[in-house]
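The sequence shown maps to residues 1385 to 1530 in my numbering. Beta carbons: idealized from backbone N, C-alpha and C, even for Gly. The model shown is predicted, which means the values in this text are computed figures rather than measured ones. Notes follow the structure.
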Amino acid sequence: LMTVEFVPETILIKDALNLLIKKRKNVAVVLDEYGGTAGIITIEDIVEELFGEIEDEHDLDEELIEQELGEGKYLFSTRLDVEYLNETYKLMIPEEDSYGTLGGFIVNHTKEIPQKGEEIVIDNYHFVIEEATNKKIELVKLTIKE
């Protein structure tokens, strides 16, 4: 069994990278101010943050679904960026730092992972969860209510 590195969530990205390289580790546990686990970080995460997405054997090569079903009706993969959807489909979904994707927007408002078939209304956006697991939403149908 190998030891795990722990880093505070306030660590600078360059310092985290240097620590992982120096200790010859690929992953570190990120700790919050109370000593609880805030998440994990990998060297790949750091490099992608600095230089952009790196395609490797672990990245899924799946198509993201984006279909206009009719006026004000859409079928979207929840991994699509909110900013992209707003620009491409002239939507006005609020953009915040706490999320970047459509799935993040929904979970940010529901405070839980909605299940398949569940309906969620956020402002004038009516979502029906089309596909979901216990860990994430994958596909939603969106109807815009005027």
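| query | result |
| --- | --- |
| Suppose you measure from the CA of Leu1434 to the CA of Pro1392; what does that come to, to the nearest Å? | 19 Å |
| DSSP on Lys1529, reduced to helix/strand/coil? | coil |
| Over the uninterrupted alpha helix (DSSP H) stretch that includes Ile1397, give me the two end residues. | 1397-1407 |
| For Ser1482, does the count of other Cβ atoms within 10 angstroms reach 16, so buried, or fall short, so exposed? | exposed |
| Suppose only complete runs of 4+ residues qualify. What are the alpha helix (DSSP H) ranges in the region 1435-1511, listed by chain order? | 1466-1473, 1486-1494 |
| Just mark Gly1420 as buried or exposed, buried being the case when its beta carbon has 16 or more other beta carbons within 10 Å. | exposed |
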